[in-house]
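A.B. asks: Below are the C-alpha cells for one structure; questions will follow.
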Amino acid sequence: MQTKSSKFIYHEPTPVKGWGCHFDSLTELRFAISIMEDHAFLRSPVSMYFHPGTGQLAHFPRGCFLRYTPDFLIRNYETKQATLVEIKPRAFEQESSLEMHQHIANNYIRTLKFDWQYKIIFDDQIILTEDQLHQYNDCLKHSDKNRHRWFEEYYKRVTGSKTWSSFKTNAELDFLMRGW
Numbered sequence: 189m190q191t192k193s194s195k196f197i198y199h200e201p202t203p204v205k206g207w208g209c210h211f212d213s214l215t216e217l218r219f220a221i222s223i224m225e226d227h228a229f230l231r232s233p234v235s236m237y238f239h240p241g242t243g244q245l246a247h248f249p250r251g252c253f254l255r256y257t258p259d260f261l262i263r264n265y266e267t268k269q270a271t272l273v274e275i276k277p278r279a280f281e282q283e284s285s286l287e288m289h290q291h292i293a294n295n296y297i298r299t300l301k302f303d304w305q306y307k308i309i310f311d312d313q314i315i316l317t318e319d320q321l322h323q324y325n326d327c328l329k330h331s332d333k334n335r336h337r338w339f340e341e342y343y344k345r346v347t348g349s350k351t352w353s354s355f356k357t358n359a360e361l362d363f364l365m366r367g368w
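Heads up: the sequence shown begins at 189 in my numbering, then just goes up one per residue.
Right under this line is the structure:
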C-alpha cells in the first residue's frame, strides 16, 4: 500500500530584519549563529534565472524564466571551502522543487567555474554549541523589531568586525566568491 505524500505547507516565519541585516526566518538566524565563528557568509548571495521546464540557465531575467536565490554562500576561513546553502525545514525534504533547485545551483556553479559546493541543510541539522544556544535564546527574548540589533552586536562580538552589513568590502567579496 502506498502512502500519499501531502504537499508541504509553509507557516508564517518570523523574519529578522534591520539595516543591512535580513533573515527570512529564525532558522536562518540560528544557522548564521552556528557558522559565523568559522565561516565568512553572504546572505542571499546570487539569483539564478532558469526555465522551469528545461532547467536552462539565463544570465538575466526573461519572460517565462523563474528565479531561485539560495539562502547563504559560506566560506570556511581555514580550509577556504565554499558552500552555497539552502535552509529548509525537514518536512520539506520530499518536495520536488528541492531537486530542481539543486540541479539549477550545480549548473550555475559549473557554468561560472566557481569552487563552490551546493548543500541543502535541514533545520534539525543545525547544531548550536551551549554558548551559541544561550545566545540564540537571548535573542528570542527580544522583540521582533530588536532582534536585528541583537544580531549586529553579536556579530561584532564574535567576528571582531566593526559593523554587520549585507554590503561587503571588495576584499570580503573576493574571499567569499573566489577564496582569494
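Every residue, glycine too, gets a C-beta built ideally from N, C-alpha and C.
Run through DSSP, which three-state label would residue 248 get?
C.D. replies: In the structure shown, residue 248 sits in coil (DSSP, three-state: anything other than H, G, I, E or B).
A.B. asks: State the Cα-Cα distance for the pair residue 278 and residue 287, rounded to the nearest angstrom.
C.D. replies: Taking the straight line from one Cα to the other gives about 15 Å.
A.B. asks: On the CB-based measure, 16 or more other CB atoms within 10 Å of its CB, does residue 248 come out buried or exposed?
C.D. replies: So residue 248 ends up on the exposed side.
A.B. asks: Quick one: residues in its chain with C-beta nearer than 6 Å to the C-beta of residue 295, no 5 flanking neighbours on either side, listed in chain order?
C.D. replies: 245, listed in sequence order.
A.B. asks: Starting from residue 339, follow the alpha helix (DSSP H) in both directions and report where the run begins and ends.
C.D. replies: Element bounds for residue 339: 335 to 347.
A.B. asks: Below 8 Å on the Cβ atoms is my guess for residue 227 versus residue 265; work out the distance and round it to an integer in Å.
C.D. replies: Indeed, because the Cβ distance is near 7 Å, the residues count as touching under 8 Å.
A.B. asks: Going by beta carbon distance, what residues of the same chain come within less than 6 Å of residue 193, once the five residues before and after it are set aside?
C.D. replies: Caution applies to residue 193, whose pLDDT of 48 falls short of 50 and renders its modelled position unreliable; the model cannot decide the point.
A.B. asks: Using DSSP bridges, identify the partner residues of residue 269.
C.D. replies: None, per the DSSP bridge assignment.
A.B. asks: Use the C-beta contact count for residue 336: other C-beta atoms within 10 angstroms, 16 or more gives buried, fewer gives exposed.
C.D. replies: Its Cβ being crowded by 16 or more others within 10 Å, residue 336 is buried.
A.B. asks: For residue 299, which residues of its own chain have a beta-carbon under 7 Å away from its beta-carbon, when the five flanking residues on both sides are left out?
C.D. replies: Here the set comprises 245.
A.B. asks: For residue 254, name the three-state secondary structure that DSSP assigns.
C.D. replies: Of the three classes helix, strand and coil, the one that applies to residue 254 here is strand, per DSSP.
A.B. asks: For the stretch 297 to 315 against the stretch 337 to 350, are there 3 or more C-beta pairs whose distance is under 8 Å?
C.D. replies: The stretch 297 to 315, when compared against the stretch 337 to 350, does not touch it at the 8 Å Cβ threshold.
A.B. asks: Quick check on residue 365: does DSSP put it in helix, strand or coil?
C.D. replies: Residue state, collapsed to three classes: helix.
A.B. asks: Just curious, the beta strand (DSSP E) that residue 308 is in, first and last residue?
C.D. replies: Where residue 308 is concerned, the enclosing beta strand (DSSP E) stretches over 304 to 310.
A.B. asks: Is the Cβ-Cβ distance between residue 256 and residue 292 less than 7 Å?
C.D. replies: Cβ atoms of residue 256 and residue 292: closer than 7 Å.
A.B. asks: Does the stretch 259 to 274 come close enough to the stretch 311 to 320 that 3 or more CB-CB pairs lie under 8 Å?
C.D. replies: No, the stretch 311 to 320 is not in contact with the stretch 259 to 274.
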